[in-house]
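In my numbering, the protein residues as written are 1 to 314. Cβ coordinates follow ideal geometry from the N, Cα and C atoms, glycine included. Here the structure is a predicted model, which is why all the values come from computation and not from measurement.
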Amino acid sequence: MARLSPAALRARFVDAATEKFARNVADFVRLQALVADHGGRFHNDHGAIRTADPRVRALFVRAARLMGLRPERRYAFPAKKLKSFDLQVIGEDATPFKVFVSEVDLDAFAPEVAACIVDDAERQWSAVDHSAFIALLARGEIAGGLDEADAANFVSHLVETVMQRNGPPLQRQTLARVAAVSGEAASALALGPDFNHVTIDVRAANFDGIDAMADTMRAAGFRLLPAIQGAPGTALRQTATMAATMDTPVLEADGTVGVAQTEKQFVEIIERAQAHDDDGTPLWTQDGAPLIFRNFLAANAEKIFDAAATRAGR
């Protein structure tokens, strides 16, 4: 039976995960409409997930490998209590979909707070059986890909189960204690390992640059981060909407379910340009075209994280 290529499997995953994201993020639906009205198209440059569970991270990375995505660069964010890496189609083409994975750095928290985070991760992991999915991954790794039936099951479990909080609501005490140290880690726990953002490519959206698109979005009523990250003319420029404040179920101390206010998901816009070597020399592809920068910059990402941060005392 014919097997799907990594690119075809990745396209199905991106479609399903983006559709799920659209169900939850009104700004994304509005922005897609704005792009269409502007005569552009939606090109999803990358999505991002945050997780506090090394098992979820490992499972996602293993699944990504079947979609042709490999870990490449690592990024550290000590102020956010996060550590990150990107999953890429390795090569000269900057257009394939990427994933930016952030892990909650347990060692950056006091032991008693880290224990609360680990306890929540254990409750989530224990609430679902991943064994059939793991067996599917093993078949794909041995066979070099997945057939149609396995591909459908792969995408469904990855998007609707792996990228999901599956167990009980987060304990309010855990949310508060984590938020007092890192609003970004608190948002990660509140959302689970779903896409906390997807990213619209500015050029594909038919704008001359990110400044023009950001101005159009503000005029249309979108709330954006205060500044565009990356100076004009640099290899990577980004900004994002501010995540909406949402009602999130939490477990109260008496065992009842209450509601907390959290910020979890937003939309990013991105403009990529020619990459340069460490000494500032512009880089070119083997065919002589500009080599477009396809990774990420920690200084930019540090500020983008602010778009979804649930602070203490909410």
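Residue i to residue j, Cα distance in whole Å?
{"i": "residue 51", "j": "residue 23", "result": "21 Å"}
{"i": "residue 275", "j": "residue 94", "result": "10 Å"}
{"i": "residue 140", "j": "residue 45", "result": "26 Å"}
{"i": "residue 200", "j": "residue 267", "result": "8 Å"}
{"i": "residue 233", "j": "residue 174", "result": "43 Å"}
{"i": "residue 205", "j": "residue 242", "result": "20 Å"}
{"i": "residue 223", "j": "residue 216", "result": "11 Å"}
{"i": "residue 176", "j": "residue 197", "result": "23 Å"}
{"i": "residue 54", "j": "residue 212", "result": "40 Å"}
{"i": "residue 124", "j": "residue 245", "result": "23 Å"}
{"i": "residue 157", "j": "residue 281", "result": "44 Å"}
{"i": "residue 302", "j": "residue 308", "result": "11 Å"}
{"i": "residue 146", "j": "residue 68", "result": "12 Å"}
{"i": "residue 71", "j": "residue 6", "result": "15 Å"}
For the alpha helix (DSSP H) that residue i lies in, which residues bound it at each end?
{"i": "residue 153", "result": "148-157"}
{"i": "residue 237", "result": "Here residue 237 belongs to no alpha helix (DSSP H); instead the beta strand (DSSP E) covers 236-240."}
Determine the contact status of residue i and residue j, defining contact as a CB-CB distance below 7 Å.
{"i": "residue 151", "j": "residue 4", "result": "yes"}
{"i": "residue 166", "j": "residue 127", "result": "yes"}
{"i": "residue 202", "j": "residue 292", "result": "no"}
{"i": "residue 62", "j": "residue 137", "result": "yes"}
{"i": "residue 238", "j": "residue 25", "result": "no"}
{"i": "residue 56", "j": "residue 109", "result": "no"}
{"i": "residue 179", "j": "residue 310", "result": "yes"}
{"i": "residue 87", "j": "residue 64", "result": "yes"}
{"i": "residue 85", "j": "residue 48", "result": "no"}
{"i": "residue 34", "j": "residue 220", "result": "yes"}
{"i": "residue 97", "j": "residue 14", "result": "yes"}
{"i": "residue 259", "j": "residue 247", "result": "yes"}
Terminal residues of the continuous beta strand (DSSP E) containing residue i?
{"i": "residue 71", "result": "70-77"}
{"i": "residue 124", "result": "Element bounds for residue 124: not the beta strand (DSSP E) but the alpha helix (DSSP H), 111-126."}
{"i": "residue 302", "result": "Where residue 302 is concerned, there is no enclosing beta strand (DSSP E), although the alpha helix (DSSP H) it sits in stretches over 298-304."}
{"i": "residue 272", "result": "266-272"}
{"i": "residue 82", "result": "82-88"}
message: When you compare the region 65-82 with the region 265-275, are there three or more beta-carbon pairs, one atom per stretch, that lie closer than 8 Å?
response: Using a C-beta cut-off of 8 Å, the region 65-82 makes no contact with the region 265-275, since fewer than three inter-stretch Cβ pairs fall below that distance.
message: Which complete beta strand (DSSP E) runs does the region 8-58 hold, if anything under 3 residues is left out?
response: List check, beta strand (DSSP E) in window: 44-51.
message: Could you check whether the region 172-191 touches the region 102-112, counting it as contact only if at least three pairs of C-beta atoms, one from each stretch, sit closer than 8 Å?
response: Counting C-beta pairs closer than 8 Å gives three or more between the region 172-191 and the region 102-112, which meets the contact rule.
message: What ranges does the beta strand (DSSP E) occupy inside the region 198-261, keeping only unbroken runs of at least 3 residues that lie completely in it?
response: If we require 3 residues or more, the beta strand (DSSP E) runs fully inside the region 198-261 come out as 236-240 and 245-251.
message: Report the start-end ranges of each beta strand (DSSP E) in the region 163-203 that is 3 residues or longer and not cut off at the edges.
response: With a minimum length of 3 residues, the continuous beta strand (DSSP E) runs that stay inside the region 163-203 are 195-201.
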